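Undergrad: Here you go, one structure.
Protein chains: 2
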Amino acid sequence: MYEGLIEELAQKNERKILLAVIDGLGDISTSELDGRTPLEAAETPVMDELTVAGALGCHIPVARGVTPGSGPAHLGLFGYDPVKYQVGRGVLAALGVEFPLQHGDLAARINFCTVDGEGKVIDRRAGRISTETCRKLSSILDSITVPGLEVHVVPVKEHRACVVFRGEGLTDDIPDTDPGLVDHRKVPVKGSGKSRDAVRLFQQQAAELLKDRHPANDILMRGFAVHRDLPCMNTRFQLNSASVALYPMYRGVARLVGMKGFDSSPATLQGQAKAVEDALTRGFDYIFLHHKPADSSGEDGNVPAKIRAIEEFDRALPSILHHGFDVICITGDHSTPCSMKLHSWHPVPLLISGGPQRTGISSCFSEREALGGALGTMHSTDIIALLLASAGKLAKFGA
Amino acid sequence: MYEGLIEELAQKNERKILLAVIDGLGDISTSELDGRTPLEAAETPVMDELTVAGALGCHIPVARGVTPGSGPAHLGLFGYDPVKYQVGRGVLAALGVEFPLQHGDLAARINFCTVDGEGKVIDRRAGRISTETCRKLSSILDSITVPGLEVHVVPVKEHRACVVFRGEGLTDDIPDTDPGLVDHRKVPVKGSGKSRDAVRLFQQQAAELLKDRHPANDILMRGFAVHRDLPCMNTRFQLNSASVALYPMYRGVARLVGMKGFDSSPATLQGQAKAVEDALTRGFDYIFLHHKPADSSGEDGNVPAKIRAIEEFDRALPSILHHGFDVICITGDHSTPCSMKLHSWHPVPLLISGGPQRTGISSCFSEREALGGALGTMHSTDIIALLLASAGKLAKFGA
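If you want it as structure tokens, here you go:
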């Protein structure tokens, strides 16, 4: 609300903060559960106990009625105004595979695809080629040169890769070339100036290099975005922040604000618990933990799977928490109602436990209880201040 | 939220508004009270009756997570954005003793202190000298001259005084000279330009004048602040406002926004009730009444004392109210949880009674009821609009 106020008041201490994000956590009543939500139906004894010792509230990811993508939703949770700091998909994808993006780089997502003899896209994912094939094809495209620019093509997963153009004066006013539908032609490269010319040249050469291959005989590009450095979270809030996320996208958005990424081995909640321990041991005092499956099952409209994803997280919590946190925040980045199979704008339940809280209002973690919780309903960007305050990391304002 | 909107709509009428501030009122659950708060535990039949006839809500003094000092917290209640209008301790102290500050004056707090032969501070309060001694010493320092400036030294209470420098181009970038700890030397005067030179000269002469006295043989200075005129509350909101506060700090912040101060004799709630009557008789229609002890006992961590302070206020209320108010607002400036012994960021319970309210939601004045109250949770700066509206002092917006 007040630009720079929290930064001015932030102060270091030894206390440890956990921000655990259950992706897509929020939901709405579903007849499948007699009007309850998956969170209300799930057995979550650990989070309920944290609720009793703490306080609930709701957060609005961007603005009332606005459905956020994952990038802006996470930026809000980290205390970054998601409208001021807009980050494109291409940038997130590149950061997610740990590509060392520089200020001014133009990044885009690539989908390997299959086109027919007439140039129509017949499979937007080229039959979901293996990640191994993706690596091979990406390395072929990585050899493409564009005069006056560096070009890097990096594999992501299955049919997904990303491309980064590096040079002076690049802009990201390039529409997606992905038609979004099969049986349509690729959208010709539009936009303006140097970026358009570079992308066009790249697209032509890529099509040429892939044309005799099958099924991945062409590419689609989307999410063009120029990378701009964001102010570092550690500097802004006097933190030493780390991320423990399994998916590239979330590792990427965390890197964007300067968090140190920790690898989880195995790539499970148990592996994440170990990574959390590692980060704490190494002196990090703000840890972002990301749990994806609740969102995926929401997008699939799979209520039992969403309940399981929440319960699985609850069962793993003790192993994450036993390394010692002073302040624990559990929330979603946004709502993904099963009945919508989409992200939505609905306020997201928020739990903060640890530090001085107005307790005794809520007894279990649910959308319903969160509505009347002691924390009230706030913008997601306010959460960082509550976490810092709860950990004694915010000085008093004024005399 | 919309700058200038409330001012545009404000209109005069005869109705009387009371803003009663129980300082530090808000609290959090304490095990000492089986999870209740002092306000929940206190017997407050009068405020409960006002609640039944009125409506509850919560206010956030500055921003979520931000703990306010008393100055900004009160400015918010008076409808002044506390981040936009930042007022330093020195200015508040000078206003509190009714010193007629002018725009551009540089003010600071003085503590008379004891230094040893080596210049180390051995008592930061000079054994809490009497107010009488303070007057004598202040008058000695008042004789100090600094070329090109006026210098005024005004006694406050016990070891506390304040100094005001008047002249062109003064700035307040002077750090405290108070080391904040005993057995440390005074901090040498730093900062820049004219102000630093003036303060340095003043400090040298003060040390010289006091050196043979005991125990107050030197001074410490802190809270340097240049006074800037604030827009007058009466002009902004078409009010005729008065304050009834026993402590200098709160009289000071009220003067800052243009309230007329009324003296209470005796300096008790009964004396304050008489002062309120006096103000009403003289046609004031917005009266700010300040009750301090709830905050002091919160800072002492003394739960029974905080309960007593609240109950004492409740018992005195009928004598304050019987002179006739159309709209009564009772709230705190911030929370001072006994378990923290500090100001805090927690939302503050708010009661508005009188005028058309959505009644029937809350039945007693407490943090818990306030959370679900009809007024909702708002920023403190919104309260003035609700009070004006409840008193019929806000015109309709638009046709």
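Taken in order, these protein sequences are the chains called A and B.
Here this note's numbering is used: position 101 in the first sequence is 115, and no number is missing along the way.
Here this note's numbering is used: position 85 in the second sequence is 99, and no number is missing along the way.
Glycine included, C-beta positions come from ideal geometry on N, C-alpha and C.
Predicted, not measured: the structure shown is a model, and the values here were computed from it.
1) Does DSSP put B:Gly18 in a helix, in a strand, or in coil?
2) I'd like the ranges of any beta strand (DSSP E) spanning at least 3 consecutive residues and lying wholly in the stretch 365 to 395 of chain B.
3) Return the residues of the stretch 89 to 123 of chain B that lie within a Cβ-Cβ distance of less than 8 Å from chain A, sorted by chain order.
4) So, with DSSP's three-state summary, where would you put B:Ile158?
5) What do you get for A:Thr159, buried or exposed, if any count of 16 or more other CB atoms within 10 angstroms of its CB means buried?
6) Please classify B:Gln25 as buried or exposed, where buried requires at least 16 other C-beta atoms within 10 Å of its C-beta.
7) Using beta carbons (cut-off 9 Å, strictly below), is B:Gly49 in contact with chain A?
8) For the beta strand (DSSP E) containing B:Ile74, name the first residue and the last one.
9) Applying the criterion that 16 or more other CB atoms from any shown protein chain within 10 Å of the CB defines a buried residue, is B:Leu19 buried or exposed?
10) Which of the three DSSP states is assigned to A:Ser349 in this structure?
11) Residues in the same chain with beta-carbon distance under 6 Å from A:Leu33, minus the five sequence neighbours each way, listed in chain order, please.
12) What's the call for B:Lys30, buried or exposed, on a 16-neighbour Cβ count within 10 Å?
13) Would you say A:Gln371 faces chain B, with C-beta separation under 9 Å as the test?
14) Any chance you could list the beta strand (DSSP E) runs of at least 3 consecutive residues sitting entirely within the stretch 244 to 329 of chain A, in chain order?
15) Under the three-state reduction of DSSP, which class applies to B:Thr65: helix, strand or coil?
16) Report yes or no: do three or more beta-carbon pairs, one from the stretch 219 to 231 of chain B and one from the stretch 241 to 248 of chain B, lie closer than 8 Å?
17) Between the Cα of A:Cys148 and the Cα atoms of A:Leu270, A:Gly162, A:Cys127, which residue gives the shortest distance?
18) Against chain A, which members of the stretch 36 to 48 of chain B pass a CB distance test of less than 8 Å?
19) Whose Cβ in chain A lies nearer than 7 Å to the Cβ of B:Ser353?
20) Of all Cβ atoms in chain B, is any one closer than 9 Å to the Cβ of A:Tyr300?
21) Quick check: the Cα distance between A:Ser94 and B:Glu21, rounded to an integer number of angstroms?
22) Using alpha carbons as the reference points, say which of B:Thr350, B:His360, B:Leu109 lies closest to B:Phe36.
23) Check the DSSP bridge columns for A:Arg417 and list the partner residues they point to.
24) Where does B:Ala397 sit, in a helix, a strand or coil, going by DSSP?
25) Taking A:Pro189 as the reference, give the member of A:Leu223, A:Arg123, A:Ile398, A:Ile154 with the closest Cα.
26) List the residues of chain A whose Cβ lies closer than 7 Å to the Cβ of B:Arg382, in chain order.
27) Which same chain residues, not among the five before or five after B:Gln371, have their C-beta less than 6 Å away from its C-beta?
28) Give the secondary structure of B:Phe411 by DSSP, where H, G and I count as helix, E and B as strand, and everything else as coil.
29) Could you give the C-beta distance for A:Leu184 and A:Lys208, rounded to a whole number, given that I count them as a contact under 8 Å?
30) Is it buried or exposed, B:Lys407, if we count other Cβ atoms within 10 angstroms and call 16 or more buried?
31) Any C-beta of chain A sitting closer than 9 Å to the C-beta of B:His357?
32) Excluding the 5 residues flanking A:Ser279 on each side, which residues of the same chain have their C-beta closer than 7 Å to its C-beta?
33) Taking only the alpha-carbon atoms, compute the straight-line gap between B:Ser153 and B:Tyr261 and give it to the nearest angstrom.
34) Tell me, to the nearest whole angstrom, how far the beta carbon of B:Ala108 is from that of B:Ala121; I am working on the premise that it is less than 8 Å.
35) Which residues, in chain order, does the stretch 52 to 85 of chain A contribute to contact with chain B at a C-beta distance below 7 Å?
36) Check whether the stretch 70 to 84 of chain B and the stretch 374 to 388 of chain B touch, using three or more Cβ-Cβ pairs below 8 Å as the test.
TA: Well, looking at it:
1) coil
2) 390 to 393
3) Pro96, Val97, Gln100, Val101, Gly102, Arg103, Leu106
4) coil
5) exposed
6) exposed
7) yes
8) 68 to 74
9) exposed
10) strand
11) Phe302, Cys343
12) buried
13) yes
14) 255 to 258, 300 to 305
15) helix
16) no
17) A:Cys127
18) Ile42, Ser43
19) Pro370
20) no
21) Sequence check: residue 94 of chain A is Tyr here, not Ser. Roughly 32 Å between the two C-alpha positions.
22) Just to set this straight, residue 36 of chain B is Ile in the shown sequence, not Phe. Answer by Cα proximity: B:Thr350.
23) The structure shown does not extend to residue 417 of chain A, since chain A is modelled only from 15 to 413, so the question has no answer here.
24) In the sequence on display, residue 397 of chain B carries Ile and not Ala. Reduced to three states, the DSSP call for B:Ile397 is helix.
25) A:Arg123
26) Ile375
27) Gly68, Ala69
28) coil
29) 6 Å
30) buried
31) yes
32) Gly285
33) 22 Å
34) 4 Å
35) none
36) yes
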